[in-house]
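J.:
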Amino acid sequence: MSGIGWVDFSSEHREKVKSVIDLLSTPGVIDELGIGVIRDSFSDTLFPGISTIQTRAKYFLTVPRIFKDYENLPAHTRRRKRLAGYLNEQENACMDALVENHWEDPQNGIFGQLVAEKHGEVQRKPSSAYWTGMRKFGLICTNLSLQVFCRRFANPDQPLQDLVEGTDKTKGDDLDASEHVNDTINAPEYDDDWIGDLTIYLSYEEASFLSRQIEARVPLTLLGQILLDSDVRRRFLDLPDNWNFTTVADEASFLEHFPVELQRTITAARDFWQLLHGAHIRYNCLLQAKHGTKALRDEFEANWDKWLAELESFPWERWETGHLWELTKLHQRKVREYTIQFVEDWIDGVRDNRSVQTLDDLVVRQERFNKKGRARLHPTAEESVGKWIGIADLNYRLNEARTIIGDIDRGLTASEDDDAGH
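Residue numbering for the sequence shown is 149 to 570, as defined by the working numbering.
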């Protein structure tokens, strides 16, 4: 039996490890060839603030409400109850309320539903999963990590404006300043007993508020453009459920009305996966030849032949490899030099019709650089491989964004008689 272990130095380290485990537990995301950092740069450009571990839009609003409630507590109460503990208790209360209020109306995406039914406590909380998005959409105005924010925000003797904005300088001596509500925690109006009535649905007011925040903060992204136009929003949600990002990029006619630079990024994301999909097919062909079965090798070789045939119509005239490095630099994501070299050599190789052996050599070398001693194609590696290994498709958070947008759309189209809750 194998496992993952680490020395638990801090809550920041713990959250980073949880994020990695969450990603590794998602089927088809193990990044054997090291292109995940490029994928994430496209995702950050198209669907900023969205992540693969987010489930429903409501959680973008529950956490700011908890912070607001804490902010409104008297300073002496906050001295006795630090924010981290208060946040944990209130998120557990939200989890229990959602499970109870949806007992006869089961819904996907409720954090910790199975844990709550057993009266336990879920380790991954919405505050962690949604933190980047809440900051991106201006719901929490800070540059701090969640853990540092909780420590500083919990100090009742320092002006909240300074703490939330992530500065260390105290602007004044008035200790009562912390009693005043400010606009750095943004949430729509809500009732004092909001947790007891909590449902996963968005009310019209909540959906309008969240949509406006996203539209204002990321208007030129795919997420922002979809929300800006109600007709586009409906057309996006009406797309077939089985469409992946490539199909959306090829078939969704409303994309042609988006800003030119956004269209450029959408087509680049689509074309990037068409090109690098071939590398992942070759990787699996090599795996089956070394560790697998003839049947699977024949299947993957057939996939390779199909990929080659489709590549004959690839739109090389619009492809710019340099766009990849523009995006990774924009989002301050560091791509390893050997991955840059691999991507450029692979793209040049398929464009120049180089031999399969040459392309295979690139894949073998990249896996060894990327996986080191865990490389499956290493001459001494021994194991049995009976399935596809590595990334199977790049959807750039499309499915998660569709869920979030769908929740917002339901709230925006809800009437007072609908069951959209508070």
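All residues carry an ideal CB built from backbone N, CA and C; glycine is no exception.
(1) Could you tell me whether the Cβ of Glu237 comes closer than 9 Å to any Cβ of chain E?
(2) Alpha carbon to alpha carbon, what distance is there between Gln202 and Asp496?
(3) Please list, in chain order, all residues of the same chain as Glu515 whose beta carbon is under 8 Å from its beta carbon, the five residues on each side excluded.
(4) Does the distance from the C-beta atom of Ala355 to that of Asp493 stay below 9 Å?
(5) Since Arg187 is in the alpha helix (DSSP H), which residue starts that stretch and which ends it?
(6) At which residues does the alpha helix (DSSP H) containing Phe402 begin and terminate?
(7) Can you give me the Cβ contacts of Glu542 inside the same chain, cut-off strictly under 6 Å, excluding the 5 residues immediately before and after it?
(8) Leaving out five residues before and five after Ser275 in sequence, what residues of the same chain have Cβ atoms less than 7 Å from its Cβ?
(9) Between the alpha carbons of Glu460 and Ile214, how many angstroms are there, rounded?
(10) Residues in its own chain within less than 6 Å of Gln255 by CB, not counting five upstream and five downstream?
(11) Report the rounded CA-to-CA distance for Arg227 versus Arg513, giving the unit in angstroms.
(12) Quick one: what does DSSP say Ile288 is sitting in, helix, strand or coil?
(13) Curious, which full-length alpha helix (DSSP H) runs of at least 4 residues does the segment 430–491 contain?
(14) Assuming the contact rule is C-beta atoms closer than 8 Å, Lys573 and Leu350 should be a hit. Round their C-beta distance to whole Å, please.
(15) Might you give, ordered along the chain, the residues of its own chain that have their beta carbon closer than 8 Å to the beta carbon of Thr441, omitting 5 neighbours on each side?
(16) DSSP state of Ile539, grouped into three classes?
(17) Look up Ile552 in the DSSP assignment and say whether it is helix, strand or coil.
(18) Can you check the segment 181–256 for any alpha helix (DSSP H) of at least 4 residues that lies completely inside it and give the ranges in chain order?
(19) If you compare alpha carbons, which of Arg545, Arg300, Thr551 and Phe297 is closest to Asp192?
(20) Anyone know if the C-beta pair for Ile333 and Lys482 falls short of 9 Å?
(21) Taking all protein chains shown into account, decide if Arg418 is buried (16 or more other Cβ within 10 angstroms of its Cβ) or exposed.
(22) Do you know whose CA, among Gln436, Thr290, Trp391 and Met282, lies nearest Glu531's CA?
(23) May I have the straight-line CA-CA distance separating Ile343 from Gly257, to the nearest angstrom?
(24) Excluding five sequence neighbours on each side, which residues of the same chain lie with their C-beta closer than 7 Å to the C-beta of Gly573?
(25) Quick one: what does DSSP say Ile495 is sitting in, helix, strand or coil?
(26) Return the chain-ordered list of same chain residues with a C-beta closer than 6 Å to the C-beta of Val380, the five sequence neighbours on each side being excluded.
(27) Let's test the definition: count the other Cβ atoms within 10 Å of the Cβ of Ser326 and tell me whether it reaches 16, buried, or not, exposed.
(28) Go through the segment 336–378 residue by residue and report every complete run of the alpha helix (DSSP H) that reaches 4 residues or more, in order.
(29) Would Leu573 and Phe406 qualify as a contact pair, given that the criterion is a beta-carbon distance under 9 Å?
(30) Where does Ile333 sit, in a helix, a strand or coil, going by DSSP?
(31) Closest to Thr415 by C-alpha separation, out of Gly281, Ser378, His471 and Lys438, would be which residue?
(32) If you draw a straight line from the C-alpha of Glu252 to the C-alpha of Asp340, how long is it?
(33) Hey, how far is the Cα of Val296 from the Cα of Thr290?
(34) Can Leu246 and Leu346 be called in contact, C-beta distance under 9 Å?
(35) Going by DSSP, what residue range makes up the alpha helix (DSSP H) through Glu515?
(36) Quick one: what's got a C-beta closer than 8 Å to Ile178's C-beta in the same chain, skipping five residues either side?
T.: On the basis of the supplied data:
(1) This model lacks chain E altogether, as it is built from one protein chain only.
(2) 37 Å
(3) Glu180, Leu181, Tyr431, Ala523, Arg524 and Leu525
(4) no
(5) Gly184 to Leu194
(6) Taken as a continuous stretch (DSSP letters only), Phe402 belongs to no alpha helix (DSSP H), as it is neither H nor E.
(7) In the sequence under discussion, the amino acid at residue 542 is Leu, which differs from the Glu named in the question. Cβ within range, chain order: Arg187 and Trp421.
(8) Val211, Leu235, Glu239 and Leu294
(9) 55 Å
(10) Excluding five sequence positions before and after Gln255, the CB atoms of its chain that fall closer than 6 Å to its own CB belong to Ile348, given in chain order.
(11) 56 Å
(12) Strand.
(13) The qualifying runs are 442–459 and 470–478.
(14) No answer is possible for residue 573: it lies beyond the span of the chain, which begins at 149 and ends at 570.
(15) Apart from the 5 residues on each side of it in sequence, Thr441 sits with its Cβ closer than 8 Å to the Cβ of Gly534 in its chain, given in chain order.
(16) coil
(17) helix
(18) If only uninterrupted alpha helix (DSSP H) runs of at least 4 residues are considered, those enclosed by the segment 181–256 are 184–194, 207–219, 223–228 and 231–249.
(19) Arg545
(20) no
(21) Burial call: buried.
(22) Gln436
(23) 17 Å
(24) The structure shown does not extend to residue 573, since the chain spans only 149 to 570, so no value can be given for it.
(25) Of the three classes helix, strand and coil, the one that applies to Ile495 here is helix, per DSSP.
(26) Ile374 and Phe402
(27) Summary for Ser326: the model assigns pLDDT 34, below 50, so the residue's position carries little reliability; its value from the coordinates is reported in the next sentence. Buried: at least 16 other Cβ atoms inside 10 Å.
(28) 352–365 and 370–376
(29) Not covered by the structure: residue 573. The range shown for the chain is 149 to 570.
(30) Of the three classes helix, strand and coil, the one that applies to Ile333 here is strand, per DSSP.
(31) His471
(32) One C-alpha to the other measures close to 25 Å.
(33) In a straight line, the C-alpha of Val296 is about 10 Å away from that of Thr290.
(34) yes
(35) Val504 to Lys519
(36) Leu172, Ile537, Gly538 and Ile539
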